[in-house]
Structure formats: structure tokens, C-alpha cells
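Trainee:
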């Protein structure tokens with residue numbers, strides 16, 4: 003069975019945690035960066051992540067797995083393949099052409115969904131994806147982040163009564 007410690011070792015071996023001066027998606031400055039986009043391009047890492055998430059949700063009655071674009075879509079896809087749950091992809095905004103959908107995939111009213119994310123800081127972008135699912139009739143049962151930076155995401159989800167379970171908290175890496 004794949005363990006969290008194994009995933010941490012894989013991330014360390016592939017230099018996913020970088021030190022330096024970085025600007026995060028939130029605009030906040032940080033002296034480290036978690037490069038999960040790089041990590042999920044490696045099949046061994048992506049497979050380990052999918053195994054851990056699938057194991058975490060296997061006893062839950064879920065209908066769909068969702069991931070916000072861009073970083074979480076490969077993760078959600080890998081989980082979909084391992085868990086046999088249909089996939090939803092959440093765009094950052096509605097596209098102005100074609101079907102103009104915010105959510106790709108078949109979300110039915112009342113579907114119970116787990117939403118996955120690569121990295122959470124404040125939780126704002128993940129919360130936006132969750133709200134999109136809820137606004138379209140889905141019920142988000144759980145949010146899972148691969149790495150939580152411990153900078154407010156837990157509090158954000160607690161306020162919204164959303165179960166949040168990161169695979170790794172950044173302090174476990176350092």
C-alpha cells in the first residue's frame with residue numbers, strides 16, 4: 003500500500019519543494035514554492051497521489067470526482083481512473099465559445115462530489131470551484147488537497163462547513 007511517507011519521499015526526490023523568493027497565485031510572497039505542476043507530470047507521483055486519494059474515499063458514497071483547472075485536472079483524472087468515479091473539470095471561468103460551460107462532465111442535481119486540488123494556501127480558488135459545483139446542483143462531500151501550505155485553507159473550509167483533508171501539510175515535509 004502506498005503511504006504518505008512514500009509520497010513525501012517522492013516529492014523530495016523530485017525537488018517539488020523549492021526555496022527562494024516566490025509570488026503565489028494569491029499574490030502573497032513566500033520563501034518556498036510547492037511545484038505540484040512539475041510533480042504531477044511524473045507517472046509514479048501522480049499514481050501515488052491517486053492511490054492515496056482513492057484509498058481515502060473508497061468507503062464513501064460518492065458520485066463524481068472534480069478538479070479545478072489547471073493543476074487539479076490530472077489529479078482528478080488519475081483518481082477517476084483508479085476509483086471508477088466519473089470526472090468533472092471546473093474551469094476558472096466560463097468560456098465564451100462552444101457550450102460556454104463552467105463545468106465539463108455530467109453533473110446531476112444531488113450528485114455527491116469529492117473535489118481535489120494540488121496546493122492550497124488560503125483555499126480561495128478551491129472554494130470557488132466548490133461553489134461552482136454547489137451552484138450547479140452538486141453536493142460537495144469533501145475537499146482534498148495534495149499539499150496544504152497551512153496559511154488559512156483549513157479555516158476557510160471550517161467556516162463553510164466543508165470537510166477538508168489535505169494529504170500532506172507543509173510542516174510534514176520540512
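Residue numbers (my numbering): 3 to 176. Think of the CB as a built atom: it goes at the ideal place given N, C-alpha and C, for glycine as much as any other residue.
1. Grab me the residues of residue 107's own chain with a C-beta within less than 8 Å of its C-beta, minus the 5 sequence neighbours each way, in chain order.
2. Between residue 9 and the rest of its own chain, which residues show a CB-CB distance below 6 Å, the 5 nearest in sequence each way excluded?
3. Identify whether residue 173 lies in helix, strand or coil by the three-state DSSP scheme.
4. Threshold first: 4 residues or longer. Then list the alpha helix (DSSP H) segments lying entirely within the segment 8-73, N to C.
5. By the DSSP assignment, the beta strand (DSSP E) with residue 5 in it spans what residues?
6. If you follow the alpha helix (DSSP H) that residue 136 is part of, which residue opens it and which one closes it?
7. Whole angstroms are fine: how far does the CA of residue 116 sit from the CA of residue 3?
8. Thinking just about the alpha-carbon of each residue, which of 85, 37, 113 is nearest to the one in residue 52?
9. Have a look at 122, 56, 70 and flag the residue whose alpha-carbon is nearest the alpha-carbon of residue 131.
10. Just the Cα atoms here: how many angstroms apart are residue 153 and residue 48?
11. Does the beta-carbon distance from residue 114 to residue 143 come in below 8 Å?
Mentor: Inspection of the coordinates gives the following:
1. Closer than 8 Å at Cβ, skipping near neighbours: 66, 68, 88, 89, 90, 91.
2. Closer than 6 Å at Cβ, skipping near neighbours: 50.
3. In the structure shown, the three-state DSSP call for residue 173 is helix.
4. The segment 8-73 contains these whole alpha helix (DSSP H) runs: 38-41, 45-59.
5. For residue 5, no beta strand (DSSP E) encloses it, and the DSSP letter there is neither H nor E.
6. Element bounds for residue 136: 126-137.
7. Their backbone Cα atoms lie some 22 Å apart in a straight line.
8. Taking only the C-alpha atoms, the option nearest residue 52 is 85.
9. Checking every option, the nearest Cα to that of residue 131 belongs to 70.
10. Looking at the two C-alpha atoms, the distance is approximately 24 Å.
11. Going by C-beta atoms, residue 114 is nearer than 8 Å to residue 143.
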